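Structure, as structure tokens:
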Amino acid sequence: MTNTQHTFRVTGMDCASCAQTVENGVAKLAGVELCQLNFTTETLRVSGTAVPQNIIARIQELGYDVAAPDEKVAAAEPQNFWQFMGQRQETRLALVGVLLILPGLLFNELLPMLGWEHPLLNISSVAALALAGWPIARSGWRSLRINHELTINALMTIAAVGALFIGAYTEAGLVMVLFAIGEALEGYTAVRARSSIRSLMQVSPQTATVLRPCMDCQEHLGQNGYTQGECPFCGTEPHKVPVEEVKLGETVIVKPGERVPVDGRIL
Numbered sequence: 065m066t067n068t069q070h071t072f073r074v075t076g077m078d079c080a081s082c083a084q085t086v087e088n089g090v091a092k093l094a095g096v097e098l099c100q101l102n103f104t105t106e107t108l109r110v111s112g113t114a115v116p117q118n119i120i121a122r123i124q125e126l127g128y129d130v131a132a133p134d135e136k137v138a139a140a141e142p143q144n145f146w147q148f149m150g151q152r153q154e155t156r157l158a159l160v161g162v163l164l165i166l167p168g169l170l171f172n173e174l175l176p177m178l179g180w181e182h183p184l185l186n187i188s189s190v191a192a193l194a195l196a197g198w199p200i201a202r203s204g205w206r207s208l209r210i211n212h213e214l215t216i217n218a219l220m221t222i223a224a225v226g227a228l229f230i231g232a233y234t235e236a237g238l239v240m241v242l243f244a245i246g247e248a249l250e251g252y253t254a255v256r257a258r259s260s261i262r263s264l265m266q267v268s269p270q271t272a273t274v275l276r277p278c279m280d281c282q283e284h285l286g287q288n289g290y291t292q293g294e295c296p297f298c299g300t301e302p303h304k305v306p307v308e309e310v311k312l313g314e315t316v317i318v319k320p321g322e323r324v325p326v327d328g329r330i331l
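See below:
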């Protein structure tokens, strides 16, 4: 099988650690030679002989979703933080966890002098831990099982369960709820950053003029043993290509009045 390059858009990532988990998981697939995931743009590029179905299955197995690279996402973007929290199951569970941990936080931690102790406070704290911590524990287990990596999600789960064993029910629930809310805030920040980047990309050029060798030149075929491939007579010539296909180190031509399509240095 020949090497091919596939591009995917991975959704559901809240932080750079999530992106690293996906990248490491896909890289372990048979036939994957190069795997690069840009967390900011949610773009995953995979080179090798691995089939797209296996790559998509591995991403979903790690707990993330896959969308077409050119799929419209503006309509689905949340307008504010509370809309973001209501869109995903993980963030909704975190909000419920906040409500459940409040009684224990108030009477066990902030106002213990009131002496209002009741088993329901501990039950509520454990419920907060279970609801807010379930997505975190699941993510940590998947990374451990598939990537053989001990991530921050797994470590937080171990810490919370350890607190339960020593009877610190409120502390266990509070730690997990705060971590879940922190992950949600990080995810919301990433969503807003991506939205701003997409707005800028809409005004940037979609194509670039790149100097590339003349390939399979019909004019010089058969001369001096030339049969195919890069033409030894023509040298380089301008080619219009999509900006995402511009390779590192290539020379891009920008004419007067044109927008600069990619980052680089002036020659």
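Residues in the sequence shown are numbered consecutively from 65, following our numbering. Where is the CB? At the ideal position from N, CA and C, for every residue including glycine. All values reported here derive from a predicted model rather than from experimental measurement.
Leaving aside the five residues before and after residue i along the sequence, list all residues of the same chain whose C-beta is less than 6 Å from its C-beta, in chain order.
i, result
"VAL318", "VAL324"
"ILE280", "Strictly speaking, residue 280 in this sequence is Asp, with Ile absent from that position. Excluding sequence neighbours, ASP280 sits near GLN292."
"HIS70", "VAL110 and PRO116"
"GLU154", "PRO199"
"GLU301", "CYS278"
"THR215", "GLY204 and SER207"
"PRO269", "ARG323 and PRO325"
"HIS303", "VAL274 and ARG276"
"GLU283", "none"
"GLY76", "TYR128 and ASP129"
"ASN211", "ASN88 and GLY89"
"PHE145", "TYR252"
Can you tell which of the options has the C-alpha that lies nearest to the C-alpha of residue i?
i, options, result
"VAL310", "CYS79, THR273, GLU97 and GLU235", "THR273"
"ARG329", "GLY313, GLY89 and GLY95", "GLY313"
"LEU174", "GLY204, GLY95, LEU238 and SER207", "LEU238"
"ALA201", "LEU184, ALA191, TRP180 and ALA224", "ALA224"
"TRP180", "THR68, ALA232, PRO167 and ILE187", "PRO167"
"TYR128", "GLY89, GLY150 and LEU159", "GLY89"
"VAL74", "ARG156, GLY95, THR105 and GLU97", "THR105"
"THR107", "MET220, ALA192, LEU249 and ALA80", "ALA80"
"ASN186", "GLN100, THR234, ILE222 and LEU157", "THR234"
"VAL160", "LEU178, ALA194, LEU170 and PRO183", "ALA194"
Could you pull out every residue in the same chain whose Cβ sits closer than 7 Å to the Cβ of residue i, ignoring the five residues on either side in sequence?
i, result
"GLY251", "ASP78"
"ALA139", "With a pLDDT of only 49 at ALA139, under 50, the local geometry of the prediction cannot be trusted, and no value is derived from it."
Below 8 Å on the Cβ atoms is my contact criterion, and I expect residue i with residue j to pass it. Report the Cβ-Cβ distance as a whole number of Å.
i, j, result
"VAL115", "ILE123", "Not quite, the Cβ-Cβ distance comes to about 13 Å (not below 8 Å), so this is no contact."
"ILE245", "VAL162", "7 Å"
"PHE171", "LEU178", "6 Å"
"ALA236", "LEU249", "21 Å between Cβ atoms; not a contact."
Quick check on the burial criterion: 16 or more other C-beta atoms within 10 angstroms. Buried or exposed for residue i?
i, result
"ALA196", "buried"
"ILE203", "Residue identity differs from the one stated: residue 203 is Ser in this sequence, not Ile. With 16 or more Cβ atoms within 10 Å of its Cβ, SER203 is classed as buried."
"CYS82", "buried"
"GLY299", "exposed"
"PHE103", "buried"
"SER188", "buried"
"VAL241", "buried"
"THR315", "exposed"
Quick one: what's got a C-beta closer than 8 Å to residue i's C-beta in the same chain, skipping five residues either side?
i, result
"THR271", "LYS304, VAL305, PRO306, VAL307 and PRO325"
"LEU98", "ARG109, VAL110, SER111 and GLY112"
(message) If we require 4 or more residues per run, which alpha helix (DSSP H) segments fall completely within the region 120-190?
(response) 145-151 and 153-168
(request) Entirely within the region 251-280 and at least 3 residues each: give me those beta strand (DSSP E) ranges in chain order. (result) 271-277
(message) Quick check for students: name the residue ranges of the alpha helix (DSSP H) that lie wholly in the region 75-120, counting only runs of 4 or more.
(response) 80-91
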